[in-house]
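Structure, as structure tokens:
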DNA sequence: TAAAATTTGTTATAATATAACACTATGTAA
DNA sequence: TTACATAGTGTTATATTATAACAAATTTTA
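Chains as they are written, first to last, in the working numbering: chain A, 900 to 1031; chain B, 900 to 1031.
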């Protein structure tokens, strides 16, 4: 039943839902949406989410406790993520900017810490909301 | 009783606690610590935390749901925050790097969004933990 | 000193996330 | 192909994080 090298049943259901969504989804929103598909309890959702984050298929927007599908082909397993977040409509956009990514990946702390990963969240008002 | 332009009683108690701490503190850890001082319920803690974040006296580490005192003199009211986080010992260090801060403050999204604020979290293993 | 804004105290509850256990499915390698 | 390890599932209960809503007191402002 499992597809080699691929997603399990619950992972696929939950990934599909997030992937189709135009906005970040929260764990319990996901739970309610997939109950008809047999996923009934929080741990089932959180386990799938954990795995999907781990493999870089989705990202967690930490400031919102919500999840988006990865849109960037070159974000190697979630090691370097950046998002733009509209504080009005809550829209989230993944930023794929090679220069930014390289700049930050090369950034290391003075105190001798070598970074393995970063997450960057920008906040503002998006174009669409500015017009209203 | 309130000091003009300054912190209220609960805000001061909670700020002092966070400021003295060498590690990020969580809301309920704070709550338990200040119960002897008369702060008994979650809303009292969260309200003080909200205000302290708003005024830039503390920052929230989003990936940990925890709070640290601001150590940076030039982080203008939390508009530009960056942290280094050790995944082993959980230590958090605020990064004050003028170049980094300028670089990111000037970064704007291609899709016409002008950013007002950002938060950057770096993850790795700190010097101390590497030795163990 | 009256009105506005902020802070406090309180109870209840909402929202987010994990522990622990029993079981099933899949991959791998003798 | 059997048996072992690894990963995934289902389930109940509970832990953790955060807010709503309301009444009252304090401080600031004009």
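A virtual CB, placed ideally from N, CA and C, is assigned to each residue, including glycine.
Distance, residue j Cα to residue i Cα
i: residue 968 of chain A; j: residue 934 of chain B; result: 42 Å
i: residue 1026 of chain A; j: residue 1010 of chain B; result: 7 Å
i: residue 1002 of chain B; j: residue 1030 of chain B; result: 33 Å
i: residue 1008 of chain B; j: residue 918 of chain A; result: 22 Å
i: residue 970 of chain A; j: residue 996 of chain A; result: 12 Å
i: residue 992 of chain A; j: residue 958 of chain B; result: 24 Å
i: residue 916 of chain B; j: residue 906 of chain A; result: 45 Å
i: residue 1015 of chain B; j: residue 985 of chain A; result: 10 Å
i: residue 948 of chain B; j: residue 939 of chain B; result: 15 Å
i: residue 988 of chain A; j: residue 953 of chain B; result: 21 Å
i: residue 990 of chain B; j: residue 1006 of chain A; result: 18 Å
i: residue 920 of chain B; j: residue 920 of chain A; result: 41 Å
i: residue 944 of chain B; j: residue 908 of chain A; result: 42 Å
i: residue 946 of chain A; j: residue 1017 of chain B; result: 29 Å
i: residue 1028 of chain A; j: residue 1028 of chain B; result: 45 Å
Integer-rounded CB distance, given that residue j should sit under 8 Å from residue i
i: residue 981 of chain A; j: residue 1004 of chain A; result: About 11 Å separates the two Cβ atoms, so there is no contact after all.
i: residue 910 of chain B; j: residue 950 of chain B; result: 6 Å
i: residue 942 of chain B; j: residue 930 of chain B; result: The Cβ separation is near 10 Å, so there is no contact.
i: residue 1021 of chain A; j: residue 956 of chain A; result: Rounded, the Cβ-Cβ distance is 22 Å, inconsistent with contact.
i: residue 1019 of chain A; j: residue 1019 of chain B; result: 5 Å
i: residue 1023 of chain B; j: residue 936 of chain A; result: At roughly 38 Å, the Cβ-Cβ gap does not stay under 8 Å, so residue 1023 of chain B and residue 936 of chain A are not in contact.
i: residue 1042 of chain B; j: residue 977 of chain B; result: Shown here, chain B extends from 900 to 1031; a query on residue 1042 of chain B therefore has no answer.
The alpha helix (DSSP H) enclosing residue i, as first and last residue numbers
i: residue 946 of chain A; result: 941-953
i: residue 938 of chain B; result: From DSSP, residue 938 of chain B is part of no alpha helix (DSSP H); its letter is neither H nor E.
i: residue 883 of chain B; result: This structure cannot settle anything about residue 883 of chain B, because the visible part of chain B is limited to 900 through 1031.
i: residue 932 of chain A; result: 926-932
Unbroken beta strand (DSSP E) run spanning residue i, endpoints
i: residue 959 of chain B; result: 957-960
i: residue 1003 of chain B; result: That residue, residue 1003 of chain B, is in no beta strand (DSSP E); its alpha helix (DSSP H) goes 997-1004.
i: residue 1026 of chain B; result: Counting along the chain, residue 1026 of chain B falls outside any beta strand (DSSP E), though it belongs to the alpha helix (DSSP H) covering 1026-1030.
i: residue 985 of chain B; result: 979-985
i: residue 993 of chain B; result: 991-993
Please name the residues in the segment 993-1025 of chain A whose beta-carbon is closer than 7 Å to at least one beta-carbon of chain B, in chain order. 994, 999, 1002, 1006, 1008, 1010, 1011, 1012, 1013, 1014, 1015, 1016, 1017, 1018, 1019, 1020, 1021, 1022, 1023, 1025
Pull out every residue of the segment 946-973 of chain B whose Cβ sits closer than 8 Å to any Cβ of chain A, in chain order. 961, 962
Is there contact between the segment 944-963 of chain B and the segment 921-928 of chain B, where contact requires at least three CB pairs shorter than 8 Å? yes
Give the residues from the segment 916-947 of chain B that approach chain A closer than 8 Å (Cβ to any Cβ), ordered along the chain. none
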